[in-house]
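Be aware that the sequence shown starts at 1, since it is given in the UniProt record's numbering, and climbs by one per residue. Structure record follows, encoded as structure tokens.
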Amino acid sequence: MAAPHLEALNLSTGETINFSSREDDHAILIYKLEPTTGMLRTRAYIGQHMPLYCSAMGKIYMAFGQQEYVKEYWETHQEQIQPLTRNTITGLPAMYDELAQIREGAMAMDREENELGVSCIAVPVFDIHHRVPYAISISLSTSRLKQIGEKNLLKPLRDTAQAISNELGFTLRV
């Protein structure tokens, strides 16, 4: 159901497209399309368990999940929450601020938090119950993101998420 939409996004942007679901305390990469431009290929692979705190898709799940979960996650994963780069958010107050911005803008960024030189933009996919079972992201080099512009990738990314959400029965509440 999602594949045709993700493939169209891959062709229109030329960048790496990732599609994940959430399982317990991880985002699980369930579908990935490599860049059509031959540009940067990320280390991510299908089946990979990605931590929630330092990936754009992981932060989507935390932002749109149960709010009390974030504190519990932080308390129970203190050993795993480590700075992978100098940009990784490892403090709970900073993460609360980040998640509030994500909820407000319905998008998350990984600004070289997981891997230097690689950035990621993610958006939620909603289901009929207004939950977020999936997230979609575009990964690319930070220099390419600056060249293309975040806004130029965000519209097709949001349109793709909306199309998949519609297929899952999502409708906006009025």
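We put the beta carbon where it would ideally sit given N, CA and C, even for glycine. Remember, it's a predicted structure, so these values are computed and weren't measured experimentally.
The residue from R111, I28 and P133 with its alpha-carbon nearest to that of S143 is R111. For S119, the uninterrupted beta strand (DSSP E) segment begins and ends at V118 to V125. The three-state secondary structure of D24, taken from DSSP, is coil.
Taking all protein chains shown into account, A108 has 16 or more neighbouring C-beta atoms within 10 Å of its C-beta and is therefore buried.
Sequence-distant Cβ neighbours of V70 in its own chain, meaning closer than 8 Å and more than five residues away, are M62, L92, M95, Y96 and L99. A straight-line Cα-Cα distance of about 19 Å links E75 and I60. Residue nearest to P124 within the set H26, Q66 and T160 is T160 (criterion: CA-CA distance). Judged by beta-carbon spacing, G117 lies beyond the 7 Å limit of S139, meaning their Cβ atoms are not closer than that value. When the five nearest sequence neighbours on each side are left out, the beta carbons in the same chain lying within less than 7 Å of the beta carbon of S21 are those of I28, I30, P133 and Y134, in order along the chain.
Annotated three-state conformation of L84 is coil, per DSSP. Shown here, R158 sits in a helix according to DSSP, grouped into three states.
By a beta-carbon distance limit of 8 Å, I102 does not contact T90. Their separation comes to about 17 Å. Residue state for Y69 is assigned as helix, using DSSP reduced to three classes. Under the 10 Å beta carbon count, A3 is surrounded by fewer than 16 other beta carbons and is classified as exposed.
Pairing A122 with A56 gives a Cβ-Cβ distance under 7 Å. Q147 and L84 have their C-alpha atoms some 25 Å from each other. Linking T16 to E150 through their CA atoms gives a straight-line distance of about 14 Å.
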